[in-house]
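At position 170 of the sequence shown the residue is numbered 624 (the numbering used here), and the sequence of numbers has no breaks.
Single-structure report; data block below.
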Amino acid sequence: MSPISSRSDPRRGLDRRLFLTRLTAAGAGLMGVSACRRWVRPRFGANPFTLGVASGDPTANGVVLWTRLALDPMQGGGLPAEQVEVLWEVAADERFSRVLRSGMAAAAPELGHSVHVEVDGLDPDRWYWYRFRAGGEESAVGRTRTVPLGRPDRFRFAFVSCQHFEQGLYTAYEHLADEDLSLVVHLGDYIYETAARDAQVRRHASDEIESLDDYRNRYAQYRLDPLLQRAHARFPWVVTWDDHEVDNNYAGPFAQDSTPEAQFLERRAHAYQAYYEVMPLRRTTLPRGPDMHLFRRVDVGTLATFYVLDTRQYRTDQPCGDGVKPACDGVFDPDARMLGQEQERWLFRELDRSPAHWNILAQQVPLVTMERGDPESPKYSMDKWGAYAVPQWRVTRRLADGVSNPVVLTGDVHTNWVGDVRTSYEDPDAPTVATELIGTSISSGGDGGDYPETRAAIMSRQPHIRYFNAERGYVRCDLSGDRWTADFRTVPYVSRPGAPIVTRASFVVTSGRPGAVRA
Ligand code: FE
Ligand code: CA
């Protein structure tokens, strides 16, 4: 990102009465949380925009702008416990010669001095540039884009997941930032909660994280990575979480280990708050204690709708004591929940009345059942949809029931897969009702490889699996009314910088014909 060159007074040209109105409105929005004094004329002594800028959840006429003030980002932020006023500006060009929207937002200490601005009044399907200013200091410039109205000819986005800081560099993001995309979708494992470990590519700065400050500092360590920061500044992002934003394989109120529920929910509250603070999310997602309403819809005109799901917060505990094992009775528990009642009802209702051509579930764990181990006595990961057979069946049935072009996007497993979502994985004649695209990790798992023998073995005994690859990278998608092209973009290593990117494989889904075909 190029730093700001203009030092002109950003308030210039703003009608004074309008300015005061906006200031009051911005302040009123925060009354509910902030009981703190205002820091009227902040002088930071250094640039507080160390964590960069981000934008997200675009609509046809608006987007969320994000930043967070932090002078000492990995030690709690380093700002006094006072509210700081931050000016934001949106322009039609990179040099800000035409500022279209601007206003004041409050960075409150209760929310880690984060800033979330919900801008509206923009035009559909356009690039915009934005920046922030506080105490005479300016942020980097971010670029963002509104989504189209109506039915655009095409739409390009990429989806990513799993960026373990210690296990690899963010080279994939370096390449992603140069792609021609309108949106990035993150499917979770944005951070990992684990303690620092030696002999990795780089090191977490602390032990396993528990407190609000721990989570804030961990997010800061990740977000200080310049390649990740740049990827945020280049495109709007739509984010959801998986387990590691809180604790490995947690399920609802259940920790991975035997931590009592009440104690774990306290930790979950810290994790959710830090997540809200660091992401470009709307105020409707603001957490209340250990609860945060993250599931939502993002429309791309009538070409596509993303149903952004949360398969962690509302699920029942993993059956059979978690792990990878043969299926026990718990896999078929009729009361098992993956989305929870409210989210599942919401999803099915939205699918019922969806005008979208492509209906996209943006979620975490594999929906198709995947076997592991010896084919004679198959084992299953108890953390995935296949171990929650009744909810898996309900969602699959629902997708089969007249939903236009359903596509499932998945992260979690640190490998690339293409799957046919079928009504049964035992009956070879069961119909394919949707396509699942499982994207590999950005860095989790280290260098990885293409592993053609593994791919051949997996595909020979599971006909619903169309592809497997274990390199790092992201999935680039190009949608039109006729077809969806998915490019599996991979880097050969993440243990040292500078890896090139290639399209390792491309798959095409044709409108009206579920199931991807290798291009
Ligand atoms: Fe992961
Ligand atoms: Ca995961």
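Even for Gly, the Cβ is constructed at its ideal location relative to N, Cα and C.
What you are looking at is a predicted structure, and each value in this text was computed from that prediction instead of being measured.
**Request:** For P809, count neighbouring Cβ atoms within 10 angstroms of its own Cβ and tell me buried if that reaches 16, exposed if not.
**Result:** Looking at its Cβ environment, which holds fewer than 16 other Cβ atoms inside 10 Å, P809 is exposed.
**Asked** D783: which of L801, G840, Q727 sits nearest, CA to CA?
**Response** D783 has its Cα closest to that of G840, out of L801, G840, Q727.
**Asked** Exposed or buried, E620, counting other C-beta atoms within 10 Å across all chains shown (16 or more means buried)?
**Response** Buried is the call here.
**S898 CB to nearest heavy atom of ligand 1 below 7 Å** = It does: the Cβ of S898 is within 7 Å (strictly closer) of some heavy atom of ligand 1.
**Prompt:** What whole-angstrom Cβ distance do T770 and A705 have, given they're in contact under 8 Å?
**Reply:** Yes, they are in contact, since the Cβ atoms of T770 and A705 sit about 7 Å apart, within 8 Å.
**Prompt:** Considering S509, what are the terminal residues of the beta strand (DSSP E) in which it resides?
**Reply:** Start and end: 507–510.
**Request:** Please list, in chain order, all residues of the same chain as Q683 whose beta carbon is under 6 Å from its beta carbon, the five residues on each side excluded.
**Result:** These residues qualify, in order along the chain: G506.
**Asked** Who sits around ligand 2, taking every residue whose Cβ is closer than 5 Å to one of its heavy atoms?
**Response** Residues close to ligand 2 by the beta carbon criterion (under 5 Å to any non-hydrogen atom) are, from first to last along the chain, D643, D696, D697, D866.
**Request:** Kindly indicate which residue of M913, I896, W847 has the alpha-carbon position closest to the one of G873.
**Result:** Among M913, I896, W847, the Cα nearest to that of G873 is on M913.
**Item:** CB of V887 within 8 Å of CB of A854, strictly
**Value:** It is a contact, given that the beta carbons lie within the stated cut-off.
**Asked** Looking only at its own chain, which residues have a Cβ that is under 6 Å from the Cβ of H618, when we skip the five neighbours before and after it?
**Response** Answer for H618: Y646, S897, S898, listed in chain order.
**Asked** Are there 16 or more other CB atoms within 10 angstroms of the CB of W542, so buried, or fewer, so exposed?
**Response** Burial of W542 is indicated by the presence of at least 16 other C-beta atoms within 10 angstroms of its C-beta.
**Request:** Return the Cβ separation of Y584 and S509 in integer angstroms, given the expectation that the two are a contact with Cβ distance under 8 Å.
**Result:** Between Y584 and S509 a beta carbon distance of about 7 Å is seen, short of the 8 Å cut, so the two are scored as contacting.
**Asked** To which residues of the same chain is L681 closer than 6 Å at the C-beta, ignoring the five residues directly before and after it?
**Response** Correct list, in chain order: Y624, Y627, E628.
**Asked** What residue ranges within the stretch 647–717 form continuous alpha helix (DSSP H) runs of no fewer than 4 residues, ordered along the chain?
**Response** List check, alpha helix (DSSP H) in window: 666–677, 680–688.
**Prompt:** Secondary structure at R476, three-state DSSP: helix, strand or coil?
**Reply:** Reliability of the predicted coordinates at R476 is poor, the pLDDT of 37 falling under 50, and the value obtained from them is presented with this limitation in mind. R476: helix per DSSP, three-state reduction.
**Item:** Cα-Cα separation, I663 to G530
**Value:** Roughly 13 Å between the two C-alpha positions.
**Asked** Would you call the stretch 590–599 and the stretch 684–698 touching, i.e. three or more CB-CB distances under 8 Å?
**Response** Yes, the stretch 590–599 is in contact with the stretch 684–698.
**Asked** Where does S665 land, buried or exposed, given buried means 16+ other C-beta within 10 angstroms?
**Response** Taking all protein chains shown into account, S665 has fewer than 16 neighbouring C-beta atoms within 10 Å of its C-beta and is therefore exposed.
**Request:** State the start and end residues of the unbroken alpha helix (DSSP H) segment that holds V844.
**Result:** Looking at the DSSP string, the run of the alpha helix (DSSP H) that includes V844 is 843–854.
**Prompt:** Fully enclosed by the stretch 860–944, which beta strand (DSSP E) runs are 3 residues long or longer?
**Reply:** Taken in chain order, the complete beta strand (DSSP E) segments of 3 residues or longer contained in the stretch 860–944 are 860–864, 870–876, 886–892, 919–934.
**Asked** Between the stretch 745–759 and the stretch 601–610, are three or more C-beta pairs nearer than 8 Å?
**Response** As far as the Cβ criterion goes, the stretch 745–759 touches the stretch 601–610, which means the pair count is three or higher.
**Message:** Assuming the contact rule is C-beta atoms closer than 8 Å, D511 and V692 should be a hit. Round their C-beta distance to whole Å, please.
**Reply:** So it is a contact: roughly 6 Å between Cβ atoms.
**Asked** What's the C-alpha gap between D745 and P602?
**Response** Straight-line Cα distance between these residues: approximately 32 Å.
**Message:** Within the continuous beta strand (DSSP E) that includes D753, where are the two ends?
**Reply:** 750–754 is the span of the beta strand (DSSP E), which, as asked, contains D753.
**Prompt:** Does the separation of the CB atoms of D764 and T694 fall below 8 Å?
**Reply:** Taking C-beta atoms as the reference points, D764 and T694 count as a pair closer than 8 Å.
**Prompt:** The alpha helix (DSSP H) spanning Q797 covers which residue range?
**Reply:** Residues 795–806.
**Message:** Our contact map puts R670 next to E731 with C-beta atoms below 8 Å; I'd like the distance itself, whole angstroms only.
**Reply:** The pair is a contact, with the Cβ atoms about 7 Å apart (cut-off 8 Å).
**Prompt:** Does the Cβ of S835 lie closer than 7 Å to at least one heavy atom of ligand 1?
**Reply:** Not under cutoff, so the answer is no.
**Item:** Three-state secondary structure (DSSP) of G775
**Value:** G775 falls in the helix class under three-state DSSP.
**Prompt:** In this structure, does DSSP put D783 in helix, strand or coil?
**Reply:** Secondary structure at D783: helix, using DSSP grouped into helix, strand and coil.
**Where V948 falls, given that 16 or more other Cβ within 10 Å makes a residue buried** = Here V948 is buried: its Cβ has 16 or more other Cβ atoms, across all protein chains shown, within 10 Å.
**Request:** Return yes when the C-beta of H686 is under 7 Å from any heavy atom of ligand 1, and no when it is not.
**Result:** Not under cutoff, so the answer is no.
**Prompt:** What does DSSP give as the partner residues of E592 in its beta bridges?
**Reply:** DSSP, once it has assigned bridges, lists R587 as partnering E592.
**Asked** Touching or not, the stretch 855–875 and the stretch 733–745, by the rule of three or more beta carbon pairs under 8 Å?
**Response** At 8 Å Cβ cutoff, the stretches do not touch.
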